[in-house]
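Here's the structure we're looking at; comments come further down.
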Amino acid sequence: MASTDVIGAAQAQKKQGKGMSSKKKSRGPWLERYSALILAVVLLGAWQVLVPWSGLSEFVLPTPLAIAKRIVNELPLLASHAYVTLFEVVAGFAMAVLVGMPLALAIFYSRAFERAIYPILVALQTVPKVALAPLLVLYLGYGWAPKITLAFLISFFPIVISTVVGLQSLDKNLVNLVRSMGASEWQTFFKVRLPAALPNIFGGFKVAVSLAVIGAVIGEYVAAERGLGYLQLQANSLFDTTLNFATVVTISGLGVMLYFIIDTIEARFTYKRDAAK
Amino acid sequence: MSATTQMGAAVDISRLSKIYKTREDDDVLALDKIDLKIEPGSFVAVVGPSGCGKSTLLSLLAGLTPASTGSIAIDGDGVSKPHPKTGVVFQSDLLLYWRTVLDNILLPIEIKKLDVAKYRARAEELLAQVGLEGFGNKYPSELSGGMRQRVAICRALIQEPGLLLMDEPFGALDALTREQMIMDLQSMWLRLRNTVLFITHGIDEAVFLADRVLVMSPRPGRVDLDLKIDLPRPRQWSKTHEDKDYHGYVRQIRAIFEAKGILVAH
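If you're matching them up, the sequences are chains A and B in order. The first sequence stops at residue 448 when you use this note's numbering, and every number in between is there. The second sequence stops at residue 264 when you use this note's numbering, and every number in between is there.
Written out as structure tokens, the structure reads:
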């Protein structure tokens, strides 16, 4: 009879469900889990050992431990410059989001606008942003403005593209589904289009924020009185290679930190499609 | 259960045509002057090969596509946009993967801006009826294909639709799951007694489930045969499939497809 069939199937499926969730919890062996950490330690260890062995002076190539020691000792100096760069990156990135997202929506909803703006966007994207840095200094001076602008220009394109692609790649049947429930376009956007596009959008954010760091630092190379790029130039002119490396580590630390902030926000707002696999 | 009092909706289709404009001048006549009255609470299956216009018919009934000429009325209301009494189950489950099972089922309630908290118990009840008790907080990716389609059916039923439109709902499922789903759909419908329009290309499932089978053929989409299925309910898998009358109905439908060259007799 149908009713007993249902119960039987449900029990079978519940077992199957449990099987799936236990698979989710199981992880690989510890070597696989810590492989990245192990490789990093091995490489740094090799660096640490090979430098004195090869006879290179600290002036040419400092050891990882020397760099680490320097970072600890110069923490207040590094932090004061990192703070400036961080502000430029965040401001430029925020501008890119505030301009890029509405632009992406306009491109998505208007075919005519898409046709009009895309060639211009692509043309702008092919301009090397680094080449604009001296011009930006010329127009905007030595303060925050040219660095923020450069961070904005360099991070804006991936945000637009990833948002447009995310919105366009939606299964059309999902739109039909919510329309059949009587959804307005407003509801369709917030219930389906935006959530479905979020993984793409966050992917674009991650690329963009790493690029924004590059933009801000390049801006500081050209003309600045503060910031990690400026500090690096100072270290360079003083032949202080260890401080130079310490600054590089701080810059990449900044990028990694911002990346993980976005990653954390993404994890809170999205559910990964294949999380159970 | 509140759903036992659910009344099916009446469907009245008259002179309904749909022409798809193509980029070249050869327009496609997907539906050609269809006339169709569906009794409230009946289970109607539409069977036909790909491209016969059966999905177009469903899309028009769902209010997703405008008719070229003719009219559709659900309980007397002309359909020009999705009708609130209609629930749709599509071929793929179309569950939103970022929502839990329960939140997927409650999506129509959210969209209609009804009180979601009031429908939560109803959603749990529906889940229990399709054998998915306690699965409410799982995500679709944690479910098998058959389970996901059950959730999609629950989602269509949450608003207690007078008219349930099903577009090849079991087409993507394996044979065993499909058999189970057919049996479950029958028991569900016997409880609810709403009007069901079931689109399929499976002659066997159409005859097994329906009170009435409409056989369609392509270019232009027309109803070639309107067959009343007189088999006792509840139909049981083995017993019904061994029934002489069941085979008679299947043969009648096959004969149409063979005559049209859609099936080659062998």
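We treat Cβ as the ideally placed atom computed from N, Cα and C, and that holds for glycine.
Nearest to residue i (by Cα), restricted to the options the options
i, options, result
"A/L221", "A/I209, A/P235, A/V261 and A/A211", "A/P235"
"A/Y392", "A/L307, A/W201 and A/A217", "A/L307"
"B/L155", "B/V86, B/A43, B/I251 and B/L188", "B/V86"
"A/L257", "A/A368, A/G386 and A/R439", "A/G386"
"A/V418", "A/F410, A/L311 and A/G400", "The question names Val, but residue 418 of chain A in the sequence shown is Thr. If we check each option's Cα against that of A/T418, A/G400 comes out closest."
"A/E245", "A/F440, A/R364, A/N415 and A/S423", "A/N415"
"B/F168", "B/Q184, B/E177, B/L161 and B/L59", "B/E177"
"B/A106", "B/A150, B/Q127 and B/S139", "It should be noted that the sequence gives Pro, not Ala, for residue 106 of chain B. The candidate whose alpha carbon is nearest that of B/P106 is B/A150."
"A/W315", "A/R282, A/H252, A/R439 and A/Y442", "A/H252"
"A/S228", "A/A287, A/L311, A/F410 and A/I242", "A/F410"
"A/Y254", "A/F440, A/G424 and A/R439", "A/G424"
"A/T441", "B/Y137, B/I103, B/L14 and B/R118", "B/Y137"
"A/N407", "A/V231, A/L202 and A/A217", "A/V231"
Beta-carbon proximity of residue i to residue j, cut-off 7 Å
i, j, result
"B/I17", "B/S78", "no"
"B/V194", "B/A204", "no"
"A/A207", "A/V260", "no"
"B/V213", "B/L223", "yes"
"A/G263", "A/A383", "yes"
"B/N192", "B/G6", "yes"
"A/L338", "A/F279", "yes"
"B/T54", "B/L29", "yes"
"A/P233", "A/T412", "yes"
"A/A275", "A/T334", "yes"
"B/L313", "B/C152", "What the structure shows of chain B is the stretch from -1 to 264, and residue 313 of chain B is not part of that stretch, so it cannot be assessed."
"B/P159", "B/T84", "yes"
"B/F255", "B/A43", "no"
"A/V349", "A/V363", "yes"
"B/C50", "B/P218", "no"
"B/I72", "B/L174", "no"
"A/G390", "A/A304", "yes"
"B/V45", "B/T198", "yes"
Backbone secondary structure at residue i - three-state DSSP
i, result
"A/Q187", "Because the pLDDT at A/Q187 is just 42, under 50, the model does not fix this residue reliably, and the value given afterwards should be weighed accordingly. Looking at A/Q187 - three-state DSSP - the assignment turns out to be helix."
"B/A71", "strand"
"B/G169", "coil"
"B/R233", "coil"
"A/V335", "helix"
"B/L141", "coil"
"A/T441", "coil"
"B/M164", "strand"
"A/G386", "helix"
"A/V455", "The requested residue 455 of chain A is not part of the displayed model; chain A covers only 172 to 448."
"B/G6", "coil"
"B/T84", "strand"
"B/G246", "helix"
"A/G375", "helix"
"A/G263", "helix"
"B/G76", "strand"
"A/Y392", "helix"
"A/W201", "helix"
"B/A204", "helix"
"A/M352", "coil"
"B/H239", "helix"
"B/E158", "coil"
"B/K111", "coil"
"B/I260", "coil"
"B/S66", "coil"
"A/S281", "coil"
"B/A60", "coil"
Residue(s) in a DSSP beta bridge with residue i
i, result
"B/F41", "B/V194"
"B/A121", "Looking at the DSSP assignment, B/A121 forms no beta bridge with any residue, so it has no partner."
"B/G225", "The question names Gly, but residue 225 of chain B is Leu in the sequence shown. B/V211, per the DSSP bridge assignment."
"B/R220", "B/S215"
"B/Y18", "B/V26"
"A/S340", "A/S340 pairs with nothing; no bridge assigned."
"B/D101", "Beta-bridge pairing links B/D101 to no other residue."
"B/L34", "B/I11"
"B/G134", "Answer is none; B/G134 lacks a bridge partner."
Listed by chain order, chain E residues near residue i by CB distance under 9 Å
i, result
"B/K31", "The structure shown contains no chain E; its protein chains are A and B."
The ligand ADP heavy atom lying under 6 Å from the CB of residue i
i, result
"B/A173", "The ligand ADP is absent from the structure shown, which contains no ligand whatsoever."
Could you say if the segment 29 to 38 of chain B and the segment 431 to 441 of chain A meet the contact criterion of at least three C-beta pairs nearer than 8 Å?
-> no
Decide if the segment 416 to 430 of chain A is in contact with the segment 346 to 355 of chain A; the criterion is three or more beta carbon pairs, one per stretch, under 8 Å apart.
-> no
For the segment 388 to 404 of chain A and the segment 356 to 375 of chain A, state whether three or more C-beta atom pairs, one from each stretch, are separated by less than 8 Å.
-> no
Cβ pair count under 8 Å reaching 3, the segment 85 to 98 of chain B against the segment 138 to 156 of chain B | yes
Examine the Cβ distances between the segment 379 to 393 of chain A and the segment 325 to 333 of chain A and report whether three or more of them are shorter than 8 Å.
-> yes
Contact the segment 129 to 145 of chain B vs the segment 105 to 113 of chain B: 3+ CB pairs below 8 Å = no
Any contact of the segment 183 to 191 of chain B with the segment 17 to 29 of chain B, i.e. 3+ C-beta pairs under 8 Å?
-> no
Would you say the segment 56 to 76 of chain B touches the segment 8 to 15 of chain B, given that touching needs at least three Cβ pairs under 8 Å?
-> yes
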